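Only one structure is covered here, and it is reproduced in the block below.
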Amino acid sequence: MENKKVAKALPIQDPYLNALRKEKINVAIYLVNGVKLQGRVDSFDQFVVLLRSNVTQMVYKHAISTIVPARDPKAYEFDAQETEAKDSE
1 MENKKVAKAL PIQDPYLNAL RKEKINVAIY LVNGVKLQGR VDSFDQFVVL
51 LRSNVTQMVY KHAISTIVPA RDPKAYEFDA QETEAKDSE
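Counted from 1, the sequence shown has number 70 at position 70 by the UniProt record's numbering; the numbering is strictly sequential.
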């Protein structure tokens, strides 16, 4: 059986990465092999995240385990609350 909520999944990744990028929040990116990268999200697309520190690194999303921001992005909190309000209507 197909769950209808799965088909109506909310986008999370793009708004979250975009909020981190816009607010220039420092992040720690942990890779699946345990390596920790630090910097700011400069850009991203469907497959990669560009992480800027002293140099810009292109990190493939399939290699990312976890992204830990230095603080919560304000823009993302607002977008999430707005999306929840629209869904409850």
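Ideal Cβ placement from N, Cα and C applies to all residues, glycine included. Quick caveat, the model's predicted, so the values are computed rather than measured.
For residue i: DSSP bridge partner residues
| i | result |
| --- | --- |
| R52 | R40, T56 |
Rounded distance between the beta-carbons of residue j and residue i, thought under 8 angstroms
| i | j | result |
| --- | --- | --- |
| Y60 | F44 | At roughly 11 angstroms, the Cβ-Cβ gap does not stay under 8 angstroms, so Y60 and F44 are not in contact. |
Residue i - DSSP class collapsed to helix/strand/coil
| i | result |
| --- | --- |
| P15 | helix |
| A63 | helix |
| L20 | helix |
| K74 | helix |
Length of the line joining the Cα atoms of residue i and residue j
| i | j | result |
| --- | --- | --- |
| H62 | L37 | 15 angstroms |
| V35 | V68 | 13 angstroms |
| L10 | L17 | 14 angstroms |
| D72 | S53 | 19 angstroms |
Sequence-distant residues of the same chain with beta carbon closer than 8 angstroms to residue i, five excluded per side
| i | result |
| --- | --- |
| L50 | V41, D42, S43, F44, T56, Q57, M58, V59 |
| L31 | L37, V59, A63, I64, S65 |
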